[in-house]
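Line by line, the protein sequences are chains X and Y.
Quick note: to get my numbering, add 36 to the position in the first sequence (first position is 1).
Quick note: to get my numbering, add 36 to the position in the second sequence (first position is 1).
In this text, a Cβ means the ideal position worked out from N, Cα and C, and glycines have one as well.
Because the structure is a prediction, the values reported are computed rather than measured.
Protein chains: 2
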Amino acid sequence: MKSKEKKQAATGSERLRIKDKIFQSLRADIISQHLKPGQTVREDELAQKYGISRTPIREMLRRLEQEDLVKIVPNVGVYVSELTPRDIEEVLDLRICLESAAARSAASKITEEQMEQLREIGRQLDVAIEKQDSIISFEADTRLHDLIMVAAGNARARRLLNNLLGQIHRIRFISGHKPGRMNTTIAEHKEIIAALSDHDPDRAEQAMHIHLVKTKELLLPQSDLDAKFESFVRSSFSL
Amino acid sequence: MKSKEKKQAATGSERLRIKDKIFQSLRADIISQHLKPGQTVREDELAQKYGISRTPIREMLRRLEQEDLVKIVPNVGVYVSELTPRDIEEVLDLRICLESAAARSAASKITEEQMEQLREIGRQLDVAIEKQDSIISFEADTRLHDLIMVAAGNARARRLLNNLLGQIHRIRFISGHKPGRMNTTIAEHKEIIAALSDHDPDRAEQAMHIHLVKTKELLLPQSDLDAKFESFVRSSFSL
DNA sequence: GTATAAGGTAATTTATGCAATCTTATCTAA
DNA sequence: TTAGATAAGATTGCATAAATTACCTTATAC
């Protein structure tokens with residue numbers, strides 16, 4: 037009896053981690069294209085796969101829907117979201133909009149401690165160039181962008197962007213790795229760091245904007261764009 | 037038999053509406069301050085109040101959490117979100133960021149049909165001024181901003197903003213009505229319409245930005261702001 | 001007298017069974 | 001042969017019950 041109670045307590049304390057782990061696993065499967073767009077996702081199936089009941093699975097699926105990773109049709113089923121060129125452009129435009137504003141804000145608000153972290157990231161970028169290691173570059177990239185969102189001081193904006201990031205990573209998986217982009221990306225990042233170091237809002241916003249627009253153009257083939265319309269965000273600066 | 041099927045179909049189609057209605061009711065109670073910030077919200081209580089089980093209530097609460105209207109502490113409970121001056125500023129800054137970009141985008145993309153709807157809204161604004169009717173002004177305001185989001189062509193941005201709108205309305209309830217603001221608001225709206233009519237992205241963005249910054253300053257007493265830091269969004273244009 | 005631990009209570013979280021709904025396939029009639 | 005209706009199959013949606021967790025109270029030991 038006592039051993040049983042102990043076991044229950046153990047599973048109980050680990051359950052939260054397990055639940056979160058399952059969610060991350062599901063999310064990763066969609067981002068990594070392991071679950072293909074349009075594919076049906078059944079509650080029952082996932083419940084069996086992960087050995088839990090349908091109730092928490094349902095909850096996870098709602099969260100994934102909120103991130104636009106799945107589409108839920110009432111009384112019918114759940115599907116992995118499609119990612120049309122239009123969808124991709126919407127996500128990337130939103131990113132440009134949010135992160136450009138964040139860079140502007142961060143330029144004024146960033147603390148010396150955060151600035152030191154940024155410089156450390158800058159040194160990692162040097163290492164990435166030296167070793168031509170895209171993994172290091174990618175990780176530094178991720179920390180750079182998140183650190184700027186933190187420095188910008190708008191927690192809601194950061195949460196929104198983190199939601200978008202799931203889809204952005206998914207887009208990366210679709211587009212595949214573009215070799216040769218790393219070095220130019222790093223140069224853009226260093227310009228962003230320099231602008232923040234100078235606490236220059238205009239320059240920081242512009243640097244981030246240019247960087248993200250270039251990233252967008254790389255991820256979204258120009259042929260897919262509707263060229264006759266201006267994008268959601270400005271395509272050039274006139275500061 | 038046939039009548040039974042008919043009845044089932046009827047209740048089925050009404051069920052969704054009822055569930056949606058309960059959600060809207062809950063949401064309205066929070067926005068209207070009928071449920072006070074910090075107040076505990078129990079699943080059991082709501083389930084009894086609305087005569088449904090806790091499962092759909094849970095689902096609604098998760099949706100409300102996603103809109104930041106409630107805060108869920110795992111294994112503890114659900115609370116109505118607080119709205120500190122910082123929270124208010126975050127929400128309003130996000131709005132400025134999204135809607136300014138939308139106005140820019142809409143200036144290029146807006147169709148003649150949408151432009152005609154805008155002009156109709158403009159005429160409603162004239163009526164509002166003539167009758168000094170803030171209700172008409174508010175309704176025209178709502179349609180104006182949403183129409184611009186539609187014209188901007190970014191469905192995700194529109195959804196995000198609609199989520200923010202719940203909190204923005206809540207902020208309005210807290211701040212109370214400011215008489216005398218209506219006429220200047222309308223003037224700003226007409227400038228936005230004029231800029232869109234000219235298909236001038238810079239002017240449209242600037243007009244929207246100025247309008248929303250003024251709205252923010254009205255809703256958020258300057259004494260609450262941290263004056264030494266630049267906001268998430270630029271506070272002035274230099275076009 | 002205070003602090004700590006154990007037990008009880010009230011809430012969420014999970015699991016499971018049942019009902020409602022949608023889709024699809026088959027059968028019949030025109 | 002095709003169109004429409006009906007029935008069967010599958011899946012979600014809802015409700016209730018069991019389990020777990022967190023908090024609060026109380027009692028005991030130092």
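Bridge-paired residues (DSSP) for X/I108: Working through the first sequence from its first residue, we reach residue 108 of chain X at position 72. Partner(s): X/V114.
Run of the alpha helix (DSSP H) containing X/P73, from where it starts to where it stops: Along the first sequence, one-based indexing puts residue 73 of chain X at 37. Looking at the DSSP string, X/P73 is not in any alpha helix (DSSP H), and its letter there is neither H nor E.
Within 8 Å, strictly: CB atoms of Y/V109 and Y/V77: For the purposes of this step, residue 109 of chain Y is taken as the residue at position 73 of the second sequence. For the purposes of this step, residue 77 of chain Y is taken as the residue at position 41 of the second sequence. In this structure, Y/V77 does not lie closer than 8 Å to Y/V109 by Cβ.
For Y/K250, the first and last residue of its enclosing alpha helix (DSSP H): Taking the second sequence and counting its residues from 1, the one referred to as residue 250 of chain Y is at position 214. Note, Y/K250: alpha helix (DSSP H), P237 to L255.
Under the three-state DSSP convention, the category Y/H225 falls into: In the second sequence, residue 225 of chain Y corresponds to position 189, counting from 1. Three-state DSSP puts Y/H225 in a helix.
Chain Y contacts from the stretch 169-197 of chain X (Cβ-Cβ distance under 8 Å): A188, G189, N190, A191, R192, A193 and L196
CB-CB length for Y/M218 against Y/I228, believed under 8 Å: Here residue 218 of chain Y is taken as the residue at index 182 of the second sequence, counted from 1. Here residue 228 of chain Y is taken as the residue at index 192 of the second sequence, counted from 1. About 15 Å separates the beta carbon of Y/M218 from that of Y/I228, a gap too long to meet the 8 Å contact definition.
Stretch-stretch touch, CB-based, cutoff 8 Å, three pairs: the stretch 173-189 of chain X with the stretch 81-95 of chain Y: Too few Cβ pairs lie closer than 8 Å, so no.
7 Å CB neighbourhood of Y/F209 in its chain, flanking five on each side removed: For this step, residue 209 of chain Y is matched to residue 173 along the second sequence. For Y/F209, where only same-chain residues beyond five positions count, the Cβ hits under 7 Å are I67, S68 and Q69.
Closer than 7 Å: Y/V112 CB and nearest the ligand NAD heavy atom: Among the components of this structure there are no ligands whatsoever, and the ligand NAD is therefore not found.
CB of Y/A231 within 8 Å of CB of Y/A240, strictly: To locate residue 231 of chain Y, count along the second sequence from 1; it is residue 195. To locate residue 240 of chain Y, count along the second sequence from 1; it is residue 204. Result yes, Cβ atoms of Y/A231 and Y/A240 sit closer than 8 Å.
As assigned by DSSP and simplified to three states, the class of Y/L119: As a working mapping, residue 119 of chain Y is identified with position 83 in the second sequence. Residue state, collapsed to three classes: coil.
Inter-residue CB distance, Y/I32 and Y/L119 (contact presumed, cutoff 8 Å): Here chain Y comprises residues numbered 37 to 275, so residue 32 of chain Y is not present and cannot be evaluated.
8 Å Cβ cutoff, Y/Q102 in contact with chain X: Translated into the one-based positions of the second sequence, residue 102 of chain Y becomes position 66. Yes - at least one Cβ of chain X is within 8 Å of the one on Y/Q102.
Chain Y contact for X/E126 (CB, 8 Å cutoff): Start at 1 with the first residue of the first sequence, and residue 126 of chain X comes out as number 90. Yes, its Cβ sits closer than 8 Å to a Cβ of chain Y.
Option nearest X/I171 by Cα separation, candidates X/H213, X/A187, X/L130 and X/P257: Position 135 of the first sequence, counted from the start, is the residue given in the question as residue 171 of chain X. It is X/H213 whose Cα lies nearest to the Cα of X/I171.
Y/K214 - DSSP class collapsed to helix/strand/coil: Position 178 of the second sequence, counted from the start, is the residue given in the question as residue 214 of chain Y. The answer is coil: DSSP assigns Y/K214 none of H, G, I, E or B.
Below-8 Å beta-carbon distance, X/R98 vs any chain Y residue: Locating residue 98 of chain X in the first sequence gives position 62, where the first residue counts as 1. Between X/R98 and chain Y, the shortest Cβ-Cβ separation is below 8 Å.
Chain-order list of residues whose beta-carbon lies under 8 Å from that of X/L248 (same chain, five-residue window excluded): As a first step, residue 248 of chain X is located in the first sequence; it is residue number 212 there, counting from the start. Excluding residues up to 5 positions away in sequence, L128, R131, I132, E135 and S136 lie with their Cβ nearer than 8 Å to the Cβ of X/L248 in the same chain.
Assigned secondary structure, Y/N190 (DSSP; H/G/I helix, E/B strand, else coil): The residue labelled residue 190 of chain Y in the question sits at position 154 within the second sequence. In the structure shown, Y/N190 sits in coil (DSSP, three-state: anything other than H, G, I, E or B).
Own chain partners of X/A164 with C-beta closer than 6 Å, once the 5 adjacent residues on each side are dropped: By 1-based counting over the first sequence, the position of residue 164 of chain X is 128. The answer, listed in chain order, is I172 and S173.
Cα-Cα separation between X/A138 and Y/V269, rounded to whole angstroms: Here residue 138 of chain X refers to the residue found at position 102 when the first sequence is read from its first residue. Here residue 269 of chain Y refers to the residue found at position 233 when the second sequence is read from its first residue. A straight-line Cα-Cα distance of about 8 Å links X/A138 and Y/V269.
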